[in-house]
Amino acid sequence: MGIGNILALSQVTGYVLNIILFFIIIWPMSKNLRGFNGMCILFSTGTYDYHLPGHPFEVTSWAPGISCAFVILLSFVSLFISIWQTVRISIHLVRNTDSSFIGVFVTCVTNFVVWILFLATAPAVTAGFKIWCGSIEADTSMTCAKAGIAATWKDTSLHPQGFYIQIATVEFGMYASFLTWLLENIFSGYKLLVYHRQEHIFRSLSRERQRLLGDYDPDFY
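Sequential numbering of the sequence shown, starting at 52, is according to the numbering used here.
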């Protein structure tokens, strides 16, 4: 198996992993939003009402929904690109062909942009969840992991059960996607380098051919 096929198979493997990670992100995030009536808990804050029996927790400031919406949007972007690239590269593998230089260049740029987005979004999810958990754990022995089950909530329409494992799963999916897109950057970048070297070799062979034919043009490069 040639280096081109190995690279293509590696790329397909990475894109398939991204497709799987899409479901690891989107399912718990969607369930979390349903549990909180469509409100995003990332960067939201609250406090315990010590004037009421049981000291129920009340969300005093809901963060803009863009925090969770962008995670969902980025996951769908990752899914669509991964499906497209998986199909495209698989067709090349079946036909024993390869992408053009322009195709590889576009893939390289696309992978880099998506990787940058995950690089920015994954830590934002962590930061937003830390702020939320900070409100729950402030001035109490209640841990964030137990709050969804053990805490009393002032708004009885909320269904916070399992919110900790849901967002923790989203975090895992985001960082795992960040790593897979990093690998896709390495694969596509190396492939672009191979194409560049091949182009240089072709130009060198063309110059040698001209020398042998006696019509070498020193301005040709």
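Cβ atoms here follow ideal geometry from the backbone N, Cα and C, with glycine treated the same way.
Bounding residues of the alpha helix (DSSP H) (the contiguous stretch that carries residue i)
i	result
N158	Strictly speaking, residue 158 in this sequence is Thr, with Asn absent from that position. Here the alpha helix (DSSP H) through T158 covers 152-188.
Boundaries (first-last residue) of the beta strand (DSSP E) holding residue i
i	result
G97	96-99
S118	No beta strand (DSSP E) holds S118; the alpha helix (DSSP H) holding it covers 117-146.
F108	108-112
For residue i, three-class secondary structure by DSSP
i	result
T194	coil
Whole-angstrom distance between residue j and residue i, CA atom to CA atom
i	j	result
I123	H106	33 Å
I92	P79	13 Å
G86	W166	30 Å
G199	L230	30 Å
H251	L243	Because the pLDDT of H251 is 46, which lies under 50, any placement of that residue in the model is unreliable, and the question is left without a value.
L130	N69	7 Å
L233	V157	16 Å
S95	I132	31 Å
S118	K197	23 Å
C195	T161	37 Å
N236	N56	17 Å
I134	T207	41 Å
D149	T203	59 Å
S81	M90	11 Å
K205	N88	14 Å
Candidates the options: closest to residue i by CA position
i	options	result
S151	L68, S239, L168	S239
N83	I237, I218, V160, I57	I218
V155	L170, N147, Q136, F169	Q136
F108	P211, I237, Y226, E222	P211
H33	I237, N236, Y241, A59	Residue 33 lies beyond the residue range present for the chain, which begins at 52 and ends at 272; the question has no answer from this structure.
F180	K205, I71, Y215	Y215
Y226	R146, S61, T177	T177
Within 9 Å, strictly: CB atoms of residue i and residue j
i	j	result
T220	I75	yes
F121	F73	no
V63	S141	yes
G116	S186	no
L103	F169	no
L209	V138	no
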